[in-house]
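**Q** Questions regarding the structure given below will be posed in turn.
Numbering (this note's numbering), first residue to last: 0 to 267.
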């Protein structure tokens, strides 16, 4: 008889999670071990439609390129030029291998660096879960009348898990990435926010291995996370999941649809 993951030995589950590669944004390993409710706007599906209508497109912080690859594959037509940027070397290599067969140029760009593209080079800029949006650079590389279409991570994201390990966080940390703050920053950079939608979504972690792999993969959740540093808390959480069922947290997401005015007269 198969033993449910939550009732397997702590050491086995942790060893299994530590052995899994963390490159890219493929979350298929979590199947049967963790779940996350998806936003109602279906970003990847909507992205395919946006790409089909674009002549030149830029995907910022593409990760391993999985989302862009899926969206291009589903699009009825693709831009004549598509470029993707990524700052983490393992992901850059992964994205290049995945996207170059589709004709996408993958450029290594550190997250905080200026974009190495001309002013107004793209009529569509997209991003899924950027570490932080760089509004001035996004506005600069957008052509007049161009669109920024992105799904961002919101405030207090998965903070039930974060605060389990780090304790209560100050309000300034909990508010970081608030959609209204980002709206103000986008408008200050000269963009017009056409639509901004936010949702809070249920997540469940069914075993401690899923927790360990998540924190290894999404490294900014618990900075400096290692199994050794947090072993007592991990063991306690392992017992809690075995006794009480899945650990429940909530992700936060918001959808940005912003436009660069066609002329100076279009600026609000």
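From the three backbone atoms N, C-alpha and C, an ideal C-beta is built for every residue, glycine too.
1) According to DSSP, simplified to helix, strand and coil, what is residue 4?
2) Going by the CB atoms, is the gap between residue 125 and residue 158 shorter than 8 Å?
3) Going by DSSP, what residue range makes up the beta strand (DSSP E) through residue 143?
4) Hey, would you say residue 12 sits closer than 8 Å to residue 206, going by beta carbons?
5) Helix or strand or just coil, what does DSSP make of residue 11?
6) For residue 80, name the three-state secondary structure that DSSP assigns.
7) Could you have a look at residue 261 and say whether DSSP puts it in helix, strand or coil?
8) What distance in whole Å lies between the Cβ atoms of residue 144 and residue 98, which are believed to be in contact at a cut-off of 8 Å?
9) Here's the rule: buried if 16 or more other CB atoms are within 10 angstroms of the residue's CB, otherwise exposed. What is residue 6?
10) Can residue 74 and residue 50 be called in contact, C-beta distance under 8 Å?
11) Within a Cβ cutoff of 7 Å, which residues of the same chain sit near residue 0, ignoring the five residues on either side of it in sequence?
12) With a threshold of 8 Å, are at least 3 pairs of Cβ atoms found where one atom belongs to the region 215-222 and the other to the region 190-199?
13) Below 8 Å on the Cβ atoms is my guess for residue 258 versus residue 186; work out the distance and round it to an integer in Å.
14) Residue 195 bridges to which residues according to DSSP?
15) Which residues does DSSP list as the beta-bridge partners of residue 220?
16) Drop a sphere of 10 angstroms on the beta-carbon of residue 62, count the other beta-carbons inside from all chains shown, and report buried for 16 or more, exposed for fewer.
17) Classify residue 238: buried if its beta carbon has 16 or more other beta carbons within 10 angstroms, exposed otherwise.
18) By DSSP, does residue 136 sit in helix, in strand, or in coil?
19) What's the gap between the Cα of residue 204 and the Cα of residue 37?
20) Have a look at residue 108 and residue 84 and give me their C-alpha separation to the nearest angstrom.
21) What number of angstroms, rounded off, separates the C-alpha of residue 263 from the C-alpha of residue 189?
22) In terms of alpha-carbon separation, which member of 250, 261 and 226 lies closest to residue 14?
23) Can you name, in chain order, every residue of its own chain whose Cβ lies under 8 Å from the Cβ of residue 79, other than the five neighbours on each side?
24) Could you tell me the alpha carbon to alpha carbon distance between residue 42 and residue 127, rounded to whole angstroms?
25) Go through the region 22-96 residue by residue and report every complete run of the beta strand (DSSP E) that reaches 3 residues or more, in order.
26) Taking only the alpha-carbon atoms, compute the straight-line gap between residue 164 and residue 119 and give it to the nearest angstrom.
27) Excluding the five sequence neighbours on either side, which residues of its own chain have a C-beta within less than 7 Å of the C-beta of residue 267, listed in chain order?
28) I need the DSSP call for residue 246, collapsed to helix, strand or coil.
**A** So, from the data block:
1) helix
2) no
3) 141-152 is the span of the beta strand (DSSP E), which, as asked, contains residue 143.
4) Yes; because the gap between Cβ atoms is below 8 Å, this pair is in contact.
5) The three-state secondary structure of residue 11, taken from DSSP, is helix.
6) strand
7) coil
8) Not a contact, Cβ separation roughly 26 Å.
9) exposed
10) Yes.
11) With a pLDDT of only 43 at residue 0, under the threshold of 50, the placement of this residue in the model should not be trusted; the figure read from the coordinates follows. The beta carbon of residue 0 is closer than 7 Å to none in its chain, skipping five residues each way along the sequence.
12) no
13) That belief does not hold up - the Cβ atoms of residue 258 and residue 186 are roughly 11 Å apart, past 8 Å.
14) 255
15) Residue 220 pairs with nothing; no bridge assigned.
16) buried
17) The residue in question, residue 238, is exposed, as its Cβ has fewer than 16 Cβ neighbours within 10 Å.
18) helix
19) 15 Å
20) 6 Å
21) Any reading at residue 263 needs caution, since the residue's pLDDT is 48, under 50, leaving its predicted position unreliable; the model's value is listed next. Looking at the two C-alpha atoms, the distance is approximately 10 Å.
22) Comparing Cα positions, the closest option is 226.
23) 54 and 55
24) Answer to the nearest angstrom: the Cα atoms are 8 Å apart.
25) 33-35, 55-58 and 80-85
26) 44 Å
27) Here residue 267 scores only 44 on pLDDT, less than 50, and its place in the model is too uncertain to base an answer on.
28) strand
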